[in-house]
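Visitor: One structure follows; several queries about it will come next.
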Amino acid sequence: MATGKVVRKLGDDISTDIIYPGRFMATVLPTETPQYAFVDDAGFNRKLKAKEIPPGSFIVAGGNFGCGSSREQAASCIKGYEITVIARNFARIFLQNSINVGLAMVICPNIEAEEGDELDVTGGKVVNRTSGKSFAIESLPQARQAIIDAGGLIPYARRLLLERPVR
Amino acid sequence: MGMTYVQKLLARACGKSAVALGDVLEPPVHLAMSHENGALVINQFNEIFQGTGREPKVWDPSRIAIIFDHRVPAESSKTATNQKKIREFIAKQGITKFHDIRGDVGGICHQILPENGYVRPGQVLVGTDSHTTTHGALGAFAFGIGATEMASVWALGNILNVEVPGTIKVVVNGRFARGVYPKDLILYLIGKLTAEGANYRVIEFHGETIRSMPTSGRLVLCNMTVEAGATGGVIPPDAETERYLREEAGVKEPLDLFGPDADAVYDQVVEVDAATLAPQIACPHTVDNVKPIGEVAGKKIQQIVVGSCTNGRLDDLEVAAAILKGKRVADSTRMLIFPASWRIYAEALRLGYLADLIAAGAVVCNPGCGPCLGIHQGALADGETALATTNRNFKGRMGNPNAEVYLCSTAVAATSALTGVISDPRGVN
Ligand code: SF4
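Sequences listed follow chains H and V, in order.
Just so we're aligned: the first sequence equals residues 1 to 167 in our numbering.
Just so we're aligned: the second sequence equals residues 168 to 596 in our numbering.
Laid out in structure tokens, this is it:
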């Protein structure tokens, strides 16, 4: 993977209501959801929309990132900016949604990083170039990795569909 | 080695004699539920069929349920257009379990599925809603998934990548004190387990208190297991499950009732003495920030909400009406009621509960999600505080990130409506 800067540091239990508030749920298309990413974090949302945040940047969070609603917009809105989320761990539905829509996320149980730090995600670890420390990544179960390798759940499901007889 | 309830359920669903923790399965889905977010599912579903030369057809229209509840009646033209698109898809695909915006069959998805007899013990049930865990109350392995995942279920009929989860066994014994309810029990448990304490695992409920609890209370417990991060909550089916399905849900065909093995292996066992519980309050802005009512009593509240898929059932309306009958909602607060389904609404009307609530000054809204997620009803002003029987108090819930939401039982909500401050229902009435 790549090198990039930490553009936002967040705590534990960041819910989907923070990432993508319920009041924008009628907007569903992955091309339209990014405008509402972290909309109540006004400064961050403005920077995102102004394209001040380069693709390949990182959000670093604590535990249980993406807890709450099953709304997939919470994954697609971040994906729209090609940001990678690194967290101590992820809530189940959010993790699966991220895999399905192709949002890059990294499970890194001991991650230490501050806003502005430069990170490198390579072969099984996150290297914090600013602090000089590195942290092990927890790999995904194989079956989930297969969906990522296929380019998301849509191509993966399409392949399975074609293996089955026509209804 | 013995199997937990969900292990056994998954083994049966997959036609295997046993499954082990961590096995990755692709069980067939018995019921797939969506609401307004079906609009996104339809997009993704059509995408899957792109370039395959096949016509987009769902695997089994009789196993799909779609309920309009999150924004009913539509609050914007955008929502109305989404709903129209879903209606057209439903007609084209021949989906029969459809609950439109109607006073006879409408309501919140997590009440509509049980009350119509769609949920059965032993089912694998998925829904594009995190509180799909609710249906574990009737012995289904029920969990929330995203829209793309649902599109894949509609296309294939299986749910991919299900890892056999570990289970936390919760054993509850003892009788609730007067004024203490299943909601207090689940809030207490979430506080104890924390918001991520049950991540990727199932909570299986046991004990005397659960055995003697009506299905309405069991639905409350399982509904909120996701707030501890659980994939699902489950109550092994028993005589009460059968009673509910036969008498209240009109299910006629034979039921497949089974329980976990006596020597099942659990990740963790938590024991609770229900008799020692006080009413519990989840304080802003996380559901695990739970305190006994004594620590927050007296807090001023501007909006009280009774309803939702958690506590909007007939017994909730009965409790609220009993507390408010012949009395008055305090002038310093406002009270909103939104029953979980129109069937419940009609029954509460017939029994006079709604008349008592209205006479006391409460506003009775139409069944639906309404204020729970703050999209088009009951939004809060900056700096306001709400006390609600719903299941989430995240920042921004109820439509305003500059407001606060406390969660409680119906008895606490109704008692507090009389005073305008968080008030203990014990000893009242
Ligand atoms: S009532 Fe609230 S928690 Fe329940 S389904 Fe509706 S929005 Fe979700």
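Think of the CB as a built atom: it goes at the ideal place given N, C-alpha and C, for glycine as much as any other residue.
What does the shell around the ligand SF4 hold, if a residue joins when its beta-carbon is under 7 angstroms from any heavy atom?
Guide: The filter returns V:D236, V:H237, V:I275, V:C276, V:H277, V:D296, V:H298, V:S475, V:C476, V:T477, V:C536, V:C539, V:L540, V:T557, V:N558, V:R559, in chain order.
Visitor: If you measure from the beta carbon of Y573 (chain V) to each beta carbon in chain H, is any gap under 7 angstroms?
Guide: It does not; no Cβ of chain H falls within 7 angstroms.
Visitor: With a cut-off of 7 angstroms, does the C-beta of G400 (chain V) fall near any C-beta of chain H?
Guide: Judged by the 7 angstroms Cβ criterion, G400 (chain V) is not in contact with chain H.
Visitor: Return yes when the Cβ of A232 (chain V) is within less than 7 angstroms of the Cβ of K183 (chain V), no when it is not.
Guide: No.
Visitor: Is there a C-beta anywhere in chain H that falls below 7 angstroms from the one on T219 (chain V)?
Guide: T219 (chain V) counts as touching chain H.
Visitor: Starting from S134 (chain H), follow its DSSP beta bridges and name the residues at the other end.
Guide: Answer is H:V127.
Visitor: Are any of the Cβ atoms in chain V nearer than 7 angstroms to that of S57 (chain H)?
Guide: Output row for S57 (chain H): interface = no.
Visitor: Among H:S76, H:V39, H:V60, H:K51, which one has its Cα closest to the Cα of P30 (chain H)?
Guide: Measuring from the Cα of P30 (chain H), the nearest candidate turns out to be H:S76.
Visitor: Helix, strand or coil for R501 (chain V), going by three-state DSSP, please let me know.
Guide: Strand at R501 (chain V).
Visitor: Which same chain residues, not among the five before or five after N64 (chain H), have their C-beta less than 7 angstroms away from its C-beta?
Guide: Closer than 7 angstroms at the Cβ level, and outside the excluded window around N64 (chain H), lie D12, D13, N89, A91.
Visitor: Taking Cβ-Cβ distances shorter than 7 angstroms, what residues in chain H pair up with Q211 (chain V)?
Guide: Within 7 angstroms Cβ-Cβ: I154.
Visitor: Check whether the segment 380–395 of chain V and the segment 461–472 of chain V are in contact - that is, three or more C-beta pairs closer than 8 angstroms.
Guide: The segment 380–395 of chain V vs the segment 461–472 of chain V: no contact.
Visitor: Who are the near neighbours of N110 (chain H) in its chain, counting only those whose CB is closer than 6 angstroms to its CB and skipping five residues on each side?
Guide: Around N110 (chain H): F135.
Visitor: Under 7 angstroms between C-beta atoms, does V101 (chain H) make it to chain V?
Guide: Yes, its Cβ sits closer than 7 angstroms to a Cβ of chain V.
Visitor: On the three-pair Cβ rule with 8 angstroms, is the segment 438–454 of chain V touching the segment 551–564 of chain V?
Guide: Yes, they touch.
Visitor: L335 (chain V) lies in the beta strand (DSSP E); which residues open and close that run?
Guide: Residue identity differs from the one stated: residue 335 (chain V) is Ile in this sequence, not Leu. Residues 333–340.
Visitor: Nearest to P240 (chain V) by alpha carbon, out of V:G493, V:V186, V:H266?
Guide: With distances taken between Cα atoms, P240 (chain V) lies closest to V:H266.
Visitor: Please decide whether I215 (chain V) counts as near chain A, where near means a Cβ-Cβ distance under 7 angstroms.
Guide: Included in the structure are the protein chains H and V, with no chain A among them.
Visitor: Count the CB pairs spanning the segment 98–107 of chain H and the segment 141–155 of chain H that are closer than 8 angstroms, and state whether there are at least three.
Guide: The segment 98–107 of chain H, when compared against the segment 141–155 of chain H, does touch it at the 8 angstroms Cβ threshold.
Visitor: Under 7 angstroms Cβ-Cβ, which residues of chain V neighbour S70 (chain H)?
Guide: What S70 (chain H) touches in chain V: T295, D296, S297, G311, I312, G313.
Visitor: Counting Cβ pairs closer than 8 angstroms, one from the segment 403–423 of chain V and one from the segment 313–325 of chain V, do we hit at least three?
Guide: Result no; under three Cβ-Cβ pairs closer than 8 angstroms.
Visitor: Find the nearest neighbour of A571 (chain V) within the set V:A581, V:L547, V:Q260, judged by alpha-carbon distance.
Guide: This sequence places Glu at residue 571 (chain V); Ala is not what is there. Selected option, being the one with the closest Cα: V:L547.
Visitor: With H452 (chain V) as the anchor, note down where its alpha helix (DSSP H) starts and where it stops.
Guide: Per DSSP, H452 (chain V) belongs to no alpha helix (DSSP H) and is neither H nor E.
Visitor: Let's see if you can read the secondary structure: which residues bound the alpha helix (DSSP H) around F256 (chain V)?
Guide: Run containing F256 (chain V): 244–260, per the alpha helix (DSSP H) assignment.
Visitor: Taking a Cβ distance cut-off of 9 angstroms, strictly less, list which residues of the segment 342–373 of chain V are near chain H, in chain order.
Guide: Answer set for the segment 342–373 of chain V: T361, A362, E363, N366, Y367.
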